[in-house]
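Accompanying notes for the structure given below.
There are 2 protein chains.
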Amino acid sequence: MRIGELAARSGVSVRALRYYEEQGLLDAYRSGSGQRHYPEAAADRVHLIQMLYAAGLSSRTIADLLPCVEAKASTPASRARLAAERDRIDAQIAALTRTRDRLDAVIHLSGSPESGCAWIADEDVAAEAGHSATP
Amino acid sequence: MRIGELAARSGVSVRALRYYEEQGLLDAYRSGSGQRHYPEAAADRVHLIQMLYAAGLSSRTIADLLPCVEAKASTPASRARLAAERDRIDAQIAALTRTRDRLDAVIHLSGSPESGCAWIADEDVAAEAGHSATP
DNA sequence: CTTGCCTCTGACGTCAACGTCAGGTTTTAG
DNA sequence: CTAAAACCTGACGTTGACGTCAGAGGCAAG
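Chains A and B supply the protein sequences, listed in that same order. Heads up: the first sequence at position 4 corresponds to 340 in the numbering used here, and the numbers run straight through without jumps. Heads up: the second sequence at position 17 corresponds to 353 in the numbering used here, and the numbers run straight through without jumps.
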C-alpha cells in the first residue's frame, strides 16, 4: 500500500510516517518513481511506534528497542534498557494513579460546601462511566 | 521564604517558579524591593502543580482546576472538567499498562532463542525491584 | 491530453515548559 | 564597607514530533 493508505489505516498523518522513516523507525520499498510502498504489517508497526511514543520513549530509544519488541527477542543489553523503560513506565503509572485518585477525591466529595451543589439526580453520576479503585 | 529556598524545597528550578507565576498558578508576596516571598504552603502547591503537569494537564487547565483541587471543593462546572481529566488519565494509565505488559513479555521471554542468554544467577532478577501484575 | 488527486523533497513554522544570558538591584557574610 | 551570592526583568534559545507550504513530479480516468 502507499503512504496515504497506511496513514488512513493507522490513524496517523502522512507527515508522521515520513518522520518515522527519517528517524529510522519505519522502512519502505520505493517504486521506480520513488514512491513509498508498505506491506500490510506496516500498520501494526506504526501502532507499536505510537504506543511507545505515548509511553514517553524518544525516537532514539524506540529505534533501538523496536526490533526487540517486534521480534519478541532480546539480548542481555537490550533487556537492560527494556527493563529501565518498563520501570520508568511503572513509576509513571504509579504517579498517574495517585493523581487520578486525588482528582477522584475532589470530584466525589459532594461539591463545594456552601454552593447549593446537591446530588439532584443520578444523571451526572451516570455520565461518569464505570469506576472502581483499580480495574 | 524566598524563591531560591522554595526551589530547593520543591525540587524545581527558580525559572520554573517564575514561569508558574506568569501562568497564574502561583502567587507571591512582594517585599518592598520587589523580591518574591512565599508561605510554607507554597511547597505543597508546587508539588501539586508538578503532579498535574506530569499527568499531562496544560497550564491553562491547571490554572482553572488548581483552586478546586487544593480546596477539595468543586462546582458542577469544575466537576465536569475534573471528571474529563480523570477519564483522560485513566485512559492513559490503561495504555501505559498495556505497553508495560508488552515490554515485560519481551523481557521475560528468556532472551533471544539463539543467543546463549542464560539465567546465570538471580543478580539480574534481583535488580528488577518487585513486580506483580497490578500492584 | 488534461484534469484531479496522490506523492515527492526541502525547508520553515509551532507549541509548551522551561534554560540561559544580559544587565542591573538587593541581601548577606565577613 | 565590600565582595559574593541571590534576586529582578526582559528577551532570546532549546527540544521533539510533527504541521504546513512551495514547487515539481507521477498516475488512473474520461
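We treat Cβ as the ideally placed atom computed from N, Cα and C, and that holds for glycine.
Under a criterion of Cβ atoms nearer than 7 Å, the residues of chain B adjacent to A:Thr433 are, in order, Ile429. Under a criterion of Cβ atoms nearer than 8 Å, the residues of chain B adjacent to A:Ile443 are, in order, Ser410, Arg415, Leu418, Ala419 and Arg422.
Relative to B:Ala407, the option among B:Ala431, B:Ser395, B:Asp426 and B:Ala377 whose CA is nearest is B:Ala377.
Here DSSP, grouped into helix, strand and coil, assigns B:Tyr374 to coil. Pairing A:Val405 with B:Arg438 gives a Cβ-Cβ distance under 8 Å.
At least one beta carbon of chain A lies nearer than 8 Å to the beta carbon of B:Met387. Separation of the CB atoms of A:Ala390 and B:Ala431 is rounded to 6 Å, and the pair is thereby assigned contact status at 8 Å.
Sorting B:Ala419, B:Gln428, B:Arg424 and B:His444 by C-alpha distance to the C-alpha of A:Ala441 places B:Ala419 at the top. Taken in chain order, the whole alpha helix (DSSP H) runs of length 4 or more contained in the stretch 364-419 of chain B are 377-390 and 395-407. Taking all protein chains in view, the Cβ of B:Arg372 is crowded by 16 or more other Cβ atoms within 10 Å, so the residue is classified as buried. In this structure A:Ser367 is exposed. Its beta-carbon is surrounded by fewer than 16 other beta-carbon atoms within 10 angstroms. C-alpha of B:Glu358 to C-alpha of B:Leu402: approximately 15 Å in a straight line. Counting the other CB atoms within 10 Å of its CB gives A:Glu421 a total of 16 or more, which places it among the buried residues.
The C-alpha of A:Arg415 is placed about 29 Å away from the C-alpha of A:Arg354. Exposure of A:Ala413 is indicated by the presence of fewer than 16 other C-beta atoms within 10 angstroms of its C-beta. Residues of chain B whose Cβ lies closer than 8 Å to the Cβ of A:Leu361 do not exist, since the nearest Cβ in that chain is about 16 Å away.
Beta-bridge partners assigned by DSSP to A:Arg436: none are found. Around A:Ser349, the same chain offers Ala343 as residues with beta carbons nearer than 7 Å, after the five sequence neighbours per side are excluded. If you compare the alpha carbons of B:Ala427, B:Met337 and B:Thr411 with that of B:Gly392, the shortest gap goes to B:Ala427.
Between B:Leu402 and chain A, the shortest Cβ-Cβ separation is not below 8 Å. Taking C-beta atoms as the reference points, B:Arg381 and B:Leu362 count as a pair closer than 8 Å.
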